[in-house]
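Notes to accompany the following structure.
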């Protein structure tokens, strides 16, 4: 659940947009790293099923975080 409060005049939009952009870049890197690992057939064949599933869960969580941050930045635009 998310709660939104009007913070106009209290938050520096440019600084917040820059912070969100930096966070988005970080999470894009994480998503790419997890995706690369999970699309490698050798990794998926050799790694224990629990490890592969844990990586899939991490990828999903990273994608959700990335989506949320992207939406937050869009609201500031």
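Residue numbers (the numbering used here): 9 to 85. Glycine is no exception: its CB is placed at the ideal position from the N, C-alpha and C atoms. Quick caveat: nothing in here was measured; it's all calculated off a predicted structure.
The alpha helix (DSSP H) that contains residue 82, what's its start and end? Per DSSP, residue 82 belongs to the alpha helix (DSSP H) from 57-84.
Can you look up residue 18 in the DSSP assignment and give me helix, strand or coil? If DSSP states are grouped into helix, strand and coil, residue 18 belongs with coil.
Does the separation of the CB atoms of residue 46 and residue 63 fall below 8 angstroms? Yes. Within cutoff.
With 16 other CB atoms within 10 Å as the buried threshold, where does residue 77 fall? That one is buried.
What's the gap between the Cα of residue 28 and the Cα of residue 85? Residue 28 and residue 85: Cα-Cα distance of roughly 12 angstroms.
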